[in-house]
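Read through the structure below, which is laid out as structure tokens, and then see the notes.
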Amino acid sequence: MGQKSKRRVNRRELLALGGALGTAAAAEALSRHDGMLSGPSRTYTNALPWDDGLTDEPEAAGEGGWQYLNEGEVGFLTAAVDRLIPPDPTGPSASEAGVVVFLDRQLAGDYGNGARFYLEGPWGKGTESQGYQSRFTPAQLYRHAIAAIEQAVGKRENGKAFKEVPADLQDVLLKQMESGDLKLDGPITSKAFFAMFLQNVLEGYFSDPIYGGNKDASAWKMIGFPGAHYDYSEWVTAYNKPVPVETVGLRGRAAWRRG
Amino acid sequence: MPKVDAVLVGFGWTGAILAQQLCDAGMTVLALERASARTTPNNWATTFDQDELRYMWRHHLFQNVKYSTLTFRNNVNQTALPMRHLGSFLPGTGVGGAGIHWNGQIWRWLETDFKLKSHNEQRYGKQATASLTLQDMPVSYQELEPYYDMFDKICGTSGQAGNLRGAKQAGGNPFEGPRSMPFPTPPLPMTYGPKLFEQAASSMGLHPFPHPAGNLSQAYTNPLGLQLGKCTFCGFCEKFGCGNYSKASPQTTLIPYILTKPNFELRTEAEVLKVERTPDGRHATGVTYIDAAGTEYFQPAEIVALTAYQLHNVHLMLVSGIGQAYDPATGKGQVGRNYCYQTMSSVDVFFDDKLLNPFIGAGALGSVIDDYNGDNFDHDGLGFIGGAYIAGTVTGARPIEMLKVPDGIPKWGLEWKRAAAKYFLRAMGLSVHGSSYPQAGNYLSLDPTYRDQFGRPMLRMTFDFPPNDLKMTKYCTDRAAEIAARMGASHVHPKARQGPYDITRYQTTHNVGGTMMGSSPADSVVNKYSQSWDVPNLFVTGAGLYPQNPGYNPTGTLAALCFMTADAIKSRYVKALGAPLVAA
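What follows is the structure in structure tokens.
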């Protein structure tokens, strides 16, 4: 082997995997296949690079209590998401669809930990067109931003929390976050937080139900999206007609499950 | 490491094409890929592929900026900062590269796109191109045609020819250059939205035709014996793999064949750091790569081919010190010059009275007009050159990304919710796929501050839309809006691209230039056979070869150029190793 020198790059990951790639380690490598150099080099000759018995399936949101959010954050988010997507007969509100659970699981996981963000310094302020320049992971950003928002709201509203002020005032506050007019103490602008927050709420509302939101595909049903269907060939040229298929997610639909 | 005839840096579309071609010629080929191997059943099976959150928004198949990113600024007066999250473009990583998650829109350039500078100067005068650093390609459409055809046959492209050996064909693109052969498979059928577009465009005297598609209309066996299945219109192509073997990709059309070759080897989790050269710098001895343990290896090779994504090819040239880096202050140097993008815009179209069912889709399902692309229309008095194809294409309706409500409705709240419920099945977007022409201040270079995980300077992108292209996008988007109005839409909202270029919003993964192909070392990095002027046993493939970007998706042309390069290596270069294929 033409070994030249050693560096520290991902050494820990290699040690964790061990020399021989057992099934568990291979599964780990597979689940992180999108990272660069996620495991030892592998060489393929005369065979497809196929991992027998392994599929890169998604990880569903876990059951149980809150994994990342604290009680105050749950209170803020439950109130706020239901102003972004309020309850009415059209379909579920964001919280009814499970969006707060979705946010909690996302912030507790890879997304929240910034697994796909570059977070090394140095940091500059940057222009809008240069995008995200915070040193915070999304989970840290939510923690700091919500605390700063509650502080700003408390100062204006006699110590009340966001969830305790009337809905029309909540809307005003959210609009001020959207525009950046709500000034926050600390390094995060309300505008930067709101942009990430609204995006994440839409993700929770419309993503596959396995991630904790879009409960029983209720948001998909509201808009008429049939979900994870394999084949629409039959309806390609059925112009201007409803497509008579039932909404389905990656784990099927409620009717497929027993009691 | 034993020496190989050819080492390929990156194993996406062009790596796979070169591997197939060179292995069939009996050469020993090693492909080095920085990330892992991926296959259809392991990584995007139909049972879990249709997952918008994971693949699109959590970037599951894309390059992870945590490990590999670049810095960006709009102009030389700004300080470039890292792209900390993917947005505007979504490069791939791993075996198959971005060829896994593309839409499968397979285009050829117009004949005039190959001689863009001289053609426009001749027709509109020198002042028409003065603000741009356009240049002609050293290859013509006619020379490249056999290789376009090869790629169509590999992919099984579905479509309707508009020009067959000079004879215009009804229903095809009347502006395209002559094809030697019809498309391998017939066009995809149209869903309702594209059909409305086609009817409207036709009634206006325009020339709609089916979008050339790498999502196949019927089962197909390619010349390598690999089989593709008929598309089922699930609407998850772009940003997703195809679990159904219906989308042409390196995985479906080349890799299973290549891996039967005893003279081929694929090594994954092996990231190339540098091209190594002899002390005089004139000959590449091989490459240095690093593995996950941080161990560096030298891989000797007779031929080195940079077959990674355009941004990485430019980066490798710069960090290897090959050729002269472009400096906008002096205009000197070629590597990194003429970085271009694609000037994308759209028209949002809503129907109060029609059900479009846009979730029925495929990456290239739809109807297109080319009447306003390139120089297919008279630019006299318009104040710009270039153009766009306008497409009534419905790739699907993944709701997080694609749900839209008419302008004037808030982005959240009850009114938004009701509009979302009303319009999701009644909306589509017309895509205006515009050219991107070069200007002196747009380029790629090494960042003076930020370093990557291996200690190399990061690539720095300096880019903004030239005034020429902003005028183009306005004009072409307005033409698209006219078609939308003719479609009988209730709401038509043209969204011409506005400056400054914003790296946060998804536009397209069509980054081009920086390793341009040209007629001499004074205007380019490589010759017409993708061979480095400075290091004749180094070849560079991909969209970096483009001195500017016509109004088409880049894959068709870069694949054709790669087949042409392979041909030159097999038929000429191996007989005179180390010799330039074109005299400098």
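Going line by line, the protein sequences match chains G and P.
If you're matching positions, the first sequence starts at 297 in the numbering used here and goes up one per residue.
If you're matching positions, the second sequence starts at 2 in the numbering used here and goes up one per residue.
By construction, the Cβ of each residue, glycine as well, lies at the ideal position given by its N, Cα and C atoms.
Note that the structure is predicted; figures quoted are calculated from it, not measured.
Do Cys341(P) and Asn443(P) have their CB atoms nearer than 8 Å?
-> At a Cβ-Cβ threshold of 8 Å, Cys341(P) and Asn443(P) count as neighbours.
Rounded to whole angstroms, what's the CA-CA distance from Gln472(G) to Pro411(P)? Just pull it up for me.
-> 14 Å
Sorted by chain position, which residues of the same chain lie with C-beta nearer than 7 Å to Asp524(P)'s C-beta, five sequence neighbours on each side aside?
-> Gln136
Leaving out five residues before and five after Gly500(P) in sequence, what residues of the same chain have Cβ atoms less than 7 Å from its Cβ?
-> Asp465, Phe466 and Leu471
Quick one: give me the first and last residue of the beta strand (DSSP E) that Ser432(P) is part of.
-> Ala428 to Gly435
Starting from Ala389(P), follow its DSSP beta bridges and name the residues at the other end.
-> Gly435(P)
Starting from the C-beta of His61(P), find all residues in its chain whose C-beta is less than 6 Å away, skip the five residues before and the five after it, and write them out in chain order.
-> Arg55
Beta-carbon contacts of Ala524(G) that lie in its chain and below 8 Å, excluding the five residues immediately before and after = Asp504, Val544, Gly545 and Leu546
Name the chain P residues that come within less than 8 Å of Pro505(G), Cβ to Cβ?
-> Here the premise fails: no neighbours, minimum Cβ distance about 11 Å.
When burial is assigned at 16 or more other CB atoms within 10 Å of the CB, is Thr319(G) buried or exposed?
-> Note that Thr319(G) has pLDDT 43, beneath the 50 cutoff, so the model's placement of it is unreliable and no number is given.
For the stretch 310–321 of chain P and the stretch 509–516 of chain P, state whether three or more C-beta atom pairs, one from each stretch, are separated by less than 8 Å.
-> yes
Please name the residue, chosen from Gly455(G), Asn496(G), Lys511(G) and Tyr438(G), that lies closest to Pro483(G) on a Cα-to-Cα basis.
-> Tyr438(G)
Interface residues of chain P around Leu415(G) at Cβ under 8 Å?
-> Lys67 and Arg85
According to DSSP, residues forming a beta bridge with Val276(P) | Val288(P)
Of the choices Gly397(P), Gly324(P) and Asp448(P), whose alpha-carbon is the least far from that of Asp535(P)?
-> Gly324(P)
Selection of the stretch 361–378 of chain P by Cβ proximity to chain G, strictly under 7 Å = Ile361
If we ignore side chains and look at the alpha-carbon of each, how far apart do Val8(P) and Glu303(P) end up?
-> 8 Å
According to the neighbour-count rule (16 or more other Cβ atoms, all chains shown, within 10 Å of its Cβ), is Asp349(P) buried or exposed?
-> buried
is_contact[Gly414(P), chain G] using C-beta, thresh 8 Å | yes
Return the chain-ordered ranges of every alpha helix (DSSP H) run that is complete within the stretch 499–539 of chain G and spans a minimum of 4 residues.
-> DSSP runs (the alpha helix (DSSP H)) wholly in the stretch 499–539 of chain G: 514–519.
Pairwise C-alpha distance: His434(P) and Pro345(P) | The sequence as given places Met at residue 345(P); Pro does not occur at that position. Their Cα atoms are separated by approximately 5 Å.
Find the residues of chain P that neighbour Phe502(G), judging by a C-beta separation of less than 8 Å, and give them in chain order.
-> The answer, in chain order, is Glu53, Pro400, Ile401 and Leu404.
Under 8 Å between the Cβ atoms of Phe352(P) and Ser533(P)?
-> no
Expressed to the nearest angstrom, what Euclidean distance is found between the alpha-carbon atoms of Gly167(P) and Tyr390(P)?
-> The straight-line gap from Cα to Cα measures roughly 22 Å.
The stretch 449–465 of chain P touching the stretch 71–81 of chain P, judged by at least three CB pairs closer than 8 Å = yes
With respect to the beta strand (DSSP E) encompassing Asp470(P), which residues constitute its N-terminal and C-terminal limits?
-> That residue, Asp470(P), is in no beta strand (DSSP E); its alpha helix (DSSP H) goes Pro468 to Arg487.
Are the beta-carbon atoms belonging to Val526(P) and Leu445(P) less than 8 Å from one another?
-> In this structure, Leu445(P) does not lie closer than 8 Å to Val526(P) by Cβ.
Would you decide whether Lys4(P) is buried or exposed? Buried here means 16 or more other CB atoms lie within 10 Å of its CB.
-> exposed
Quick one: Cα of Tyr553(P) to Cα of Gly409(P), how far?
-> 32 Å
Spell out whether any CB of chain G is found under 8 Å from the CB atom of Tyr193(P).
-> yes
Between the Cα of Tyr428(G) and those of Ala491(G), Ile506(G) and Asn342(G), spot the shortest distance and give me the residue it belongs to.
-> Ala491(G)
Quick one: is Ser1(P) near chain G, going by C-beta distance under 8 Å?
-> A question about residue 1(P) goes unanswered here, because the residues of chain P that appear run from 2 up to 585.
Find the nearest neighbour of Val276(P) within the set Gly545(P), Val541(P) and Cys563(P), judged by alpha-carbon distance.
-> That would be Val541(P), whose Cα lies nearest to the Cα of Val276(P).
For the ligand FAD, any of its heavy atoms closer than 7 Å to the Cβ of Leu383(P)?
-> Among the ligands in the structure shown, none appear at all, so the ligand FAD cannot be discussed.
Shortest alpha-carbon distance to Glu270(P) belongs to which of Ala38(P), Pro92(P) and Tyr574(P)?
-> It is Ala38(P).
Chain-ordered residues of the stretch 212–232 of chain P with a beta carbon less than 7 Å from chain G | Those residues of the stretch 212–232 of chain P placed with their C-beta closer than 7 Å to a C-beta in chain G do not exist.
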